[in-house]
């Protein structure tokens, strides 16, 4: 039997107190444990950013690469050893900015791996620049008068590009996030999960999400691409006031 302690390392994490990455780390550990996956059968690939330290603090195979390039490395790992459970990690800046093209083509190829994006709508490690998912008007060190760029919608982008598993989770809901990650790992194909999280130093706090987030209901048809796109676009049409979490689209 695999126990959650089998994934523990002795090194202590050094994220800011209250960072959403702590919950995501626990969600990954719980998912792997509940799926009875041995640590040596999983490889985590990250890049550069606050999120990228995660492989240091979980006892699995790990690879830390270049900024925005976790997906091509993860695809190479999966091609070299298809038996491995491969999880690529990214932040919203790395994944939707520098790594945007890698993201689109991984969706299109439907590579059999899991892609978890830690989305806090800010570049945190470089002390607070606006990112591809920052809202219009976001004031930061790189946009002192407020961002003028419309944020991208990762969910609609993934569905349109051909991903066969598309979901959004929230780091403040560990139970739901763990279930979504488990489903993503179990999926045979490219499984993408956009994980909303707080950045207590430079970005949204948990209160911001708690007031806006709700879970997709049982009436949502996972196999209906148009319904999935419509529900995903609600995020934009409501001016970020209604944020659905759950599995938007699933193609088996």
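In the working numbering, the protein residues as written are 12 to 263. Cβ coordinates follow ideal geometry from the N, Cα and C atoms, glycine included. Since we're looking at a predicted model, the values are computed, not measured.
One alpha carbon belongs to residue 212, the other to residue 28, and they sit about 9 angstroms apart. Within the same chain, 118, 201, 203 come within 6 angstroms of residue 174 by CB-CB distance, once the 5 residues on both sides are set aside. DSSP places residue 232 in no beta strand (DSSP E); its state is neither H nor E. About 21 angstroms separates the beta carbon of residue 18 from that of residue 89, a gap too long to meet the 8 angstroms contact definition. For secondary structure counted as the beta strand (DSSP E) over 3 or more consecutive residues, the region 59-122 holds these complete runs in sequence order: 72-75, 96-102. A contact between stretches requires three or more CB pairs, one per stretch, nearer than 8 angstroms, and the region 90-97 fails this requirement with the region 128-145. One thing to note: residue 246 has its Cβ no nearer than 9 angstroms to the Cβ of residue 258. The beta-carbon separation of residue 143 and residue 104, rounded to 7 angstroms, stays under the 8 angstroms limit for a contact. Taking C-beta separations shorter than 8 angstroms and ignoring five residues to either side along the sequence, the partners of residue 147 in its chain run 157, 158, 159, 160, 161, 162, following chain order. The alpha helix (DSSP H) runs of length 4 or more contained entirely in the region 161-190 are, from start to end of the chain, 165-172.
Residue state for residue 158 is assigned as coil, using DSSP reduced to three classes.
Counting C-beta atoms within 10 angstroms of its own C-beta, residue 124 has 16 or more neighbours from the protein chains shown and is therefore classed as buried. By the neighbour-count definition (other C-beta atoms within 10 Å, threshold 16), residue 77 is an exposed residue. 9 angstroms or more divides the Cβ of residue 132 from the Cβ of residue 101. For residue 140, the beta-bridge partners assigned by DSSP are 134.
For residue 260, the enclosing beta strand (DSSP E) has its first and last residue at 254-261.
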